[in-house]
Amino acid sequence: MSGAEIVVAKLAGGALFRFGVKRLVAAMTQFLESNDARLRDAWELERRDHVVRKLFWLEETVVDLGARIADLGSKIDVQADDPQLYRVWDNFVYESIREAIAERREMLAAADAGIVDPTLTIEQKARVERTLRQLDPADVRALFGFELIGNAGGHRERDEVYQLWKRMPNGDVLVSSGCLRLNPEPLAGAGGAGKPIPEVTPLGRNVLRVLRVYVRKRGPSFEIPGRPPASDEQTRQEVCTRLDAVAGLRDLLEWVRHADFVSFAAPKRGGEARLEAYFDAETLLGRVKGLVDAVDLAVAPVRVAVEQQSAHAFVKFEGPFEVLRVVADDAWARWIWT
Numbered sequence: 091m092s093g094a095e096i097v098v099a100k101l102a103g104g105a106l107f108r109f110g111v112k113r114l115v116a117a118m119t120q121f122l123e124s125n126d127a128r129l130r131d132a133w134e135l136e137r138r139d140h141v142v143r144k145l146f147w148l149e150e151t152v153v154d155l156g157a158r159i160a161d162l163g164s165k166i167d168v169q170a171d172d173p174q175l176y177r178v179w180d181n182f183v184y185e186s187i188r189e190a191i192a193e194r195r196e197m198l199a200a201a202d203a204g205i206v207d208p209t210l211t212i213e214q215k216a217r218v219e220r221t222l223r224q225l226d227p228a229d230v231r232a233l234f235g236f237e238l239i240g241n242a243g244g245h246r247e248r249d250e251v252y253q254l255w256k257r258m259p260n261g262d263v264l265v266s267s268g269c270l271r272l273n274p275e276p277l278a279g280a281g282g283a284g285k286p287i288p289e290v291t292p293l294g295r296n297v298l299r300v301l302r303v304y305v306r307k308r309g310p311s312f313e314i315p316g317r318p319p320a321s322d323e324q325t326r327q328e329v330c331t332r333l334d335a336v337a338g339l340r341d342l343l344e345w346v347r348h349a350d351f352v353s354f355a356a357p358k359r360g361g362e363a364r365l366e367a368y369f370d371a372e373t374l375l376g377r378v379k380g381l382v383d384a385v386d387l388a389v390a391p392v393r394v395a396v397e398q399q400s401a402h403a404f405v406k407f408e409g410p411f412e413v414l415r416v417v418a419d420d421a422w423a424r425w426i427w428t
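The letter at position 15 of the sequence shown is residue 105 when you use my numbering, and the numbering goes up by one with no holes.
And the structure:
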C-alpha cells in the first residue's frame with residue numbers, strides 16, 4: 091500500500107469523510123502522490139510564467155527609466171555583471187512561485203522588472219526585495235497614496251491623514267516593514283497636542299521606485315485627502331485638446347510623466363497653479379531644454395521655463411489651475427497647498 095493510500099485509509103472513517111469533504115481528501119491524495127519529477131516540472135512552468143510576466147513589465151519599465159536616465163543601457167549592463175543581482179532575481183522567482191494570490195504574483199513580476207533601476211545600489215535592491223516579502227498589493231498601493239498626499243494642506247487635513255492610516259487594516263504592516271513612519275512631532279495648537287503624521291521613509295520610496303510602473307497603473311488604494319474632485323471627463327477632454335494644439339507641448343508633457351519627481355503647487359483660494367518636474371541636470375539638461383525650446387509658447391495656455399539648482403533642475407509650468415490639474419493628475423504629482 092502506498093503512502094497516499096495509507097493516509098486515505100486513515101481518513102476514511104474520520105471527520106473529513108463524515109462532513110462530506112471528499113474533494114479535499116482527493117486533492118490531498120493527489121498532492122501526496124506527486125513525485126519529484128512532477129514537482130520539478132511544475133516549478134519550471136511556474137518559473138517560466140514569472141519570467142513572461144516580468145518581460146511584460148520590463149518593456150514599460152525600460153521606457154520609463156530611459157526617459158529620465160541617460161545612457162540607460164550601459165548603466166544597466168554594468169550592474170548586470172554583478173552575480174549578487176542574479177540572486178535578487180532568483181529570490182523574486184522563488185517568492186512568486188510559492189505565492190497563491192494572482193495579483194501579488196503580478197506585483198512581484200513588476201518589482202522583478204523594476205529592480206533593474208541603475209540608480210539603486212545592489213544593497214538597496216536586495217533590501218527592497220526582502221521588504222516586499224512582507225507586503226501585499228494593497229500595501230504598496232496605500233504606500234503610493236501616502237506619498238502623493240504632500241503637505242496635506244493644514245491641521246484638519248493632517249488629522250484626516252492620521253485617521254486614514256489608523257483605519258487602514260494594513261497600516262501597521264507599512265510601519266513594521268519600515269516603509270512608513272509616524273512623525274512624532276505634534277501639531278501646533280492648544281497645548282501643542284496633535285496626532286503623529288504618517289510619512290513615507292527612504293526605504294518606502296525605494297519600494298515605490300522599483301514598483302513605479304505598477305503603482306501608477308493600479309493607482310492609490312484610497313482617495314487622497316484634501317484634494318478637490320478630479321476634473322469631469324468633458325473638462326479633461328477640453329484641456330487635452332488645448333494642450334495638443336500647441337506645437338511641441340505634447341512631447342514635453344509626455345516627458346513630464348516620466349520625470350523623477352513632480353510637485354503641484356495648488357492654490358487654496360484661487361489664483362494660478364504651479365507644477366514642477368524635477369530631473370538630473372548633469373545628464374538630461376540638454377534633452378529637456380530641447381523639448382522646452384520646441385514648444386510654441388506664444389499660444390501655450392501655460393508658461394514654461396527650465397530652472398537649474400546645482401546637479402538638479404526642473405521644468406516649471408505656471409498657469410490656470412484647471413489646466414495644470416490635468417497635467418498633475420497624469421504625472422501623479424505630489425500636491426503642495428499654497
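Note that the Cβ used here is the ideal one computed from N, Cα and C, for glycine as well.
Residue i - partner residues in DSSP beta bridges
{"i": "Lys406", "result": "Glu366, Ala395"}
{"i": "Ser400", "result": "Partner(s): none; Ser400 has no beta bridge."}
{"i": "Val183", "result": "For Val183, which the question treats as bridged, DSSP gives no partner whatsoever."}
{"i": "Pro288", "result": "Leu272"}
{"i": "Phe354", "result": "Leu365, Trp425"}
Residue i to residue j span [Cα, whole Å]
{"i": "Ala190", "j": "Thr373", "result": "42 Å"}
{"i": "Glu289", "j": "Leu233", "result": "9 Å"}
{"i": "Phe146", "j": "Gly361", "result": "43 Å"}
{"i": "Asp420", "j": "Gln327", "result": "13 Å"}
{"i": "Ala280", "j": "Asp370", "result": "Low local confidence applies: a pLDDT of 44 at Ala280 is under 50, so the model's placement there is unreliable, and no value is given."}
{"i": "Ile434", "j": "Val263", "result": "Here the chain has residues from 91 to 428 only, and residue 434 is not among them."}
{"i": "Pro227", "j": "Gly261", "result": "13 Å"}
{"i": "Ile314", "j": "Leu333", "result": "26 Å"}
{"i": "Ile205", "j": "Val416", "result": "30 Å"}
{"i": "Gly282", "j": "Gly309", "result": "The pLDDT assigned to Gly282 is 43, lower than 50, so where the model puts this residue is not dependable, and the model offers no usable value."}
{"i": "Leu254", "j": "Thr291", "result": "18 Å"}
{"i": "Ala239", "j": "Trp425", "result": "Sequence inspection shows Ile at residue 239; the Ala mentioned does not correspond to that position. The straight-line gap from Cα to Cα measures roughly 6 Å."}
{"i": "Ile159", "j": "Glu150", "result": "14 Å"}
{"i": "Trp427", "j": "Asp383", "result": "29 Å"}
{"i": "Trp345", "j": "Val385", "result": "13 Å"}
{"i": "Ala216", "j": "Ala418", "result": "32 Å"}
{"i": "Val152", "j": "Val303", "result": "10 Å"}
{"i": "Ala157", "j": "Leu343", "result": "12 Å"}
{"i": "Asp131", "j": "Ala192", "result": "20 Å"}
{"i": "Lys379", "j": "Gly338", "result": "12 Å"}
{"i": "Phe411", "j": "Asp350", "result": "22 Å"}
{"i": "Asp249", "j": "Asp229", "result": "21 Å"}
{"i": "Gly163", "j": "Gln174", "result": "19 Å"}
{"i": "Lys358", "j": "Arg257", "result": "27 Å"}
{"i": "Leu387", "j": "Leu298", "result": "34 Å"}
{"i": "Leu198", "j": "His140", "result": "9 Å"}
{"i": "Asp207", "j": "Asp167", "result": "11 Å"}
{"i": "Leu272", "j": "Thr211", "result": "26 Å"}
{"i": "Cys390", "j": "Ala367", "result": "The sequence given here places Ala at residue 390; Cys does not occur at that position. Each residue's alpha carbon lies about 18 Å from the other."}
{"i": "Gln324", "j": "Ser267", "result": "42 Å"}
{"i": "Glu196", "j": "Trp133", "result": "17 Å"}
{"i": "Gln399", "j": "Leu381", "result": "19 Å"}
{"i": "Lys354", "j": "Asp171", "result": "The identity of residue 354 in the sequence shown is Phe, whereas the question assumes Lys. Roughly 39 Å separates the two Cα atoms."}
{"i": "Pro274", "j": "Pro259", "result": "21 Å"}
Beta-carbon gap between residue i and residue j smaller than 8 Å
{"i": "Leu270", "j": "Phe236", "result": "yes"}
{"i": "Ala504", "j": "Leu365", "result": "Residue 504 lies beyond the range of the chain shown here (91 to 428); nothing can be said about it."}
{"i": "Leu293", "j": "Ala200", "result": "no"}
{"i": "Val413", "j": "Val392", "result": "yes"}
{"i": "Val251", "j": "Ile287", "result": "yes"}
{"i": "His348", "j": "Asp154", "result": "yes"}
{"i": "Ala203", "j": "Leu148", "result": "yes"}
{"i": "Val305", "j": "Arg231", "result": "yes"}
{"i": "Gly409", "j": "Ala363", "result": "yes"}
Neighbour-count burial assignment, residue i, 16 or more Cβ in a 10 Å radius
{"i": "Val142", "result": "exposed"}
{"i": "Glu397", "result": "exposed"}
{"i": "Asp341", "result": "exposed"}
{"i": "Lys144", "result": "buried"}
{"i": "Tyr176", "result": "exposed"}
{"i": "Val352", "result": "buried"}
{"i": "Leu225", "result": "buried"}
{"i": "Asn296", "result": "buried"}
{"i": "Ala401", "result": "exposed"}
{"i": "Ala356", "result": "buried"}
{"i": "Glu213", "result": "exposed"}
{"i": "Val67", "result": "Any answer about residue 67 is impossible in this case: the structure gives the chain only from 91 up to 428."}
{"i": "Glu185", "result": "buried"}
Residue i CB to nearest heavy atom of the ligand FMN below 7 Å
{"i": "Phe369", "result": "Only the bare structure without any ligand can be found here, which leaves the ligand FMN out of the picture."}
task: Check whether the segment 172–184 touches the segment 208–224, counting contact only when three or more Cβ pairs, one atom from each stretch, lie closer than 8 Å.
output: yes
- prompt: Given 8 Å as the limit, is there contact between the segment 373–393 and the segment 315–323, that is, 3 or more CB pairs closer than that?
  reply: no
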